[in-house]
Each structure stands twice: as structure tokens, then as C-alpha cells.
Amino acid sequence: MLSANWDPILLDHVYRLNKSLYDLKQALWARYNCFASFQISLGFTEAKSNTSLFIFSRGTRIVYLRLYVYDIVLTASSLPLLHHVIVALKKEFAMKDLEPLHHFLGIAV
Numbered sequence: 020m021l022s023a024n025w026d027p028i029l030l031d032h033v034y035r036l037n038k039s040l041y042d043l044k045q046a047l048w049a050r051y052n053c054f055a056s057f058q059i060s061l062g063f064t065e066a067k068s069n070t071s072l073f074i075f076s077r078g079t080r081i082v083y084l085r086l087y088v089y090d091i092v093l094t095a096s097s098l099p100l101l102h103h104v105i106v107a108l109k110k111e112f113a114m115k116d117l118e119p120l121h122h123f124l125g126i127a128v
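Mapped onto the working numbering, the consecutive letters of the sequence shown carry residue numbers 20 to 128.
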């Protein structure tokens with residue numbers, strides 16, 4: 020955390036954090052809220068049974084997106100729709116596509 024006596028006028032100085040932002044209890048929740056807001060702006064809805072599952076459904080077009088800590092499992096009713104969602108995610112967040120899923124939580128897919 021920044022000490023209480025830092026001077027906001029010294030804009031050309033670098034401040035050292037004594038604790039990583041990733042270690043804060045609020046960091047995971049803040050990241051989730053940012054991600055969830057973006058998904059909702061794309062037309063996804065949160066599943067009522069699991070807030071880490073987002074569903075996009077328009078007619079026969081459907082996408083399931085499962086968020087698990089730092090990982091995303093994504094499946095869609097068609098490849099073009101899947102690629103469209105991946106492109107939208109990459110524009111908003113720094114991420115890389117690890118290609119087809121083989122295992123998730125120790126389960127072979």
C-alpha cells in the first residue's frame with residue numbers, strides 16, 4: 020500500500036507498493052466485476068446457478084463461457100461465432116488462446 024504521506028504533486032516520481040495488488044482480497048472481485056460487465060455488454064447473461072458461467076443465446080446461436088480464476092473455457096454452436104467472441108475478448112483483455120481444451124480441473128474433455 021502507498022504510505023499516507025505521499026505527495027500527489029510529485030508526478031514524476033515512482034512509488035513502490037508494499038503489497039502486490041494481486042494479493043489484495045478485493046483484486047479478484049474487482050477483476051471479476053470488470054469481466055462480468057464486459058460480458059453483459061456483449062449480450063451474455065450470468066447463469067443463476069453459477070455466477071462464473073456466462074451464456075449468450077440468440078435463436079440457434081449459443082455460447083457458453085466458464086470463468087475459472089485466470090482461465091476461460093469457451094464453447095459455441097459454430098466456429099465463426101466462437102471466433103467472434105474470442106476476437107472481442109482479445110480486444111478488451113490481454114489474453115492468449117491456448118487452442119482446444121483437453122483437460123479441465125483434472126477431467127479429460
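We put the beta carbon where it would ideally sit given N, CA and C, even for glycine.
Neighbour-count burial assignment, residue i, 16 or more Cβ in a 10 Å radius
| i | result |
| --- | --- |
| Val104 | buried |
| Phe123 | exposed |
| Gln58 | buried |
| Leu84 | buried |
| Ile126 | exposed |
| Leu86 | buried |
First through last residue of the alpha helix (DSSP H) which encompasses residue i
| i | result |
| --- | --- |
| Leu101 | 98 to 111 |
N-terminal and C-terminal residue of the beta strand (DSSP E) that residue i is part of
| i | result |
| --- | --- |
| Val92 | 90 to 95 |
Residues that residue i bridges to, as DSSP identifies them
| i | result |
| --- | --- |
| Ile59 | Paired residue(s): none; Ile59 is not in a bridge. |
| His122 | Ala127 |
Selected residue, minimal CA-CA separation from residue i, among the options
| i | options | result |
| --- | --- | --- |
| Leu120 | Thr64, Leu93, Trp48 | Leu93 |
**Q.** Whole runs of the beta strand (DSSP E) within the stretch 65 to 90, excluding any shorter than 3 residues
**A.** 72 to 77, 80 to 87
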